[in-house]
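Residue numbers (full-length UniProt numbering): 1 to 113.
Note that the Cβ used here is the ideal one computed from N, Cα and C, for glycine as well.
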């Protein structure tokens with residue numbers, strides 16, 4: 001089922017919590033999210049700040065892996081350098097992932113590098 005406008009708006013609001021370290025386009029303390037879906041963890045071009053644990057995790061980002069990681073980053077990738085405790089609420093995680101999917105899909109404003 002496609003996300004509705006309210007869920008996408010909620011996801012964008014939740015993403016504001018991530019914006020201190022991440023952006024859709026351009027690296028910050030953390031890697032950009034443009035091109036996230038289908039990308040192997042630890043491989044965003046031009047970002048050198050990954051922990052060895054993230055590089056070795058074997059994760060390929062999709063809805064399932066994002067659900068697991070965003071719920072509890074340190075438990076999913078022990079040794080991750082991401083210092084965020086996670087999005088514990090299932091509905092908030094679903095909204096965030098739906099918004100990320102839309103904001104980073106082909107044809108969106110982002111340009112994977």
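For residue i, which of the options has the nearest alpha-carbon?
{"i": "residue 49", "options": "34, 80, 5 and 101", "result": "80"}
{"i": "residue 35", "options": "29, 7, 93 and 60", "result": "60"}
{"i": "residue 53", "options": "27, 82, 44 and 18", "result": "82"}
{"i": "residue 102", "options": "24, 28 and 78", "result": "24"}
{"i": "residue 88", "options": "67, 100, 78 and 6", "result": "67"}
Tell me the DSSP secondary structure of residue i in three-state form.
{"i": "residue 93", "result": "helix"}
{"i": "residue 39", "result": "coil"}
Report, in whole angstroms, the separation of the C-beta atoms of residue i and residue j, which I expect to be a contact under 8 Å.
{"i": "residue 14", "j": "residue 92", "result": "5 Å"}
{"i": "residue 33", "j": "residue 104", "result": "6 Å"}
{"i": "residue 94", "j": "residue 8", "result": "Wrong, their Cβ atoms sit about 11 Å apart, outside the cutoff."}
How would you call residue i, buried or exposed, if buried means at least 16 neighbouring beta carbons within 10 angstroms?
{"i": "residue 108", "result": "exposed"}
{"i": "residue 20", "result": "exposed"}
Looking at residue j and residue i, is the spacing between their C-beta atoms short of 7 Å?
{"i": "residue 75", "j": "residue 57", "result": "no"}
{"i": "residue 38", "j": "residue 96", "result": "no"}
{"i": "residue 86", "j": "residue 73", "result": "yes"}
{"i": "residue 31", "j": "residue 16", "result": "no"}
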